[in-house]
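Residue numbers (the UniProt record's numbering): 1 to 159. Glycine included, each C-beta is placed from N, C-alpha and C at the ideal position.
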């Protein structure tokens with residue numbers, strides 16, 4: 001009977017595969033196998049198991065937001081009017097429907113949620129804020145932070 005990822009922990013080769021794929025998801029299996037010091041067949045099998053076990057959720061391209069006319073990054077802290085499971089669920093369902101929202105995190109502290117949003121410019125954000133964000137279920141208050149410089153963004157996990 002073959003071993004699955006659920007039955008064992010990540011070993012050195014698995015971690016190498018994950019590190020290299022984080023840096024270049026387009027790396028050919030043969031090249032990845034050489035870098036991980038395993039055979040191409042073993043590498044392919046391990047990648048399939050890493051997908052199946054959920055260690056790799058997807059592989060996708062990183063796009064340049066400025067070239068796509070989405071050069072403004074905005075962080076928004078959101079406070080809801082109630083802290084109930086129902087109000088959280090309603091907000092979370094609605095926020096998933098706004099394509100400009102890249103990330104939404106439930107947080108502890110002064111805010112209930114932090115949003116990471118990409119827009120063209122301040123005017124574009126103002127439109128989104130007035131028409132969508134303030135209309136989200138249960139929103140009592142928002143606080144907006146325009147990012148002046150992206151110092152670290154979407155860094156690979158340290159594995």
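Next item on the list: Would you kindly work out how many angstroms separate the C-alpha atoms of residue 44 and residue 155, rounded to a whole number?
Entry: Their Cα atoms are separated by approximately 25 Å.
Notebook entry, point to check: Leaving out five residues before and five after residue 37 in sequence, what residues of the same chain have Cβ atoms less than 8 Å from its Cβ?
Noted result: 13, 16
Check: Between the Cα of residue 19 and the Cα atoms of 41, 55, 9, 40, which residue gives the shortest distance?
Finding: Checking every option, the nearest Cα to that of residue 19 belongs to 55.
Check: Would you say residue 40 and residue 30 are within 8 Å of each other, going by their C-beta atoms?
Finding: yes
Next item on the list: Please classify residue 93: is it buried, with 16 or more other beta-carbons within 10 angstroms of its beta-carbon, or exposed?
Entry: exposed
Notebook entry, point to check: Just how far apart, CA to CA, sit residue 111 and residue 77?
Noted result: 6 Å
Margin query: Less than 8 Å between the C-beta atoms of residue 115 and residue 124, yes or no?
Written below: no
Item checked: Extent of the continuous alpha helix (DSSP H) run through residue 123 -> 122-128
Note to self: Considering Cα atoms alone, identify which of 61, 9, 149 is closest to residue 49.
What the structure shows: 9
Margin query: Once the 5 residues before and after residue 136 are set aside, which same chain residues still bring their CB inside 7 Å of it?
Written below: 91, 94, 95
Note to self: Here's the rule I'm using: 16 or more other beta-carbon atoms within 10 Å means buried, otherwise exposed. How should residue 59 be labelled?
What the structure shows: exposed
Next item on the list: Look at the alpha carbon of residue 64 and the alpha carbon of residue 11, and state the distance between them as a whole number of angstroms.
Entry: C-alpha of residue 64 to C-alpha of residue 11: approximately 34 Å in a straight line.
Note to self: Given this structure, state the Cα-to-Cα distance separating residue 62 from residue 80, to the nearest angstrom.
What the structure shows: 32 Å
Next item on the list: Give the secondary structure of residue 42 by DSSP, where H, G and I count as helix, E and B as strand, and everything else as coil.
Entry: helix
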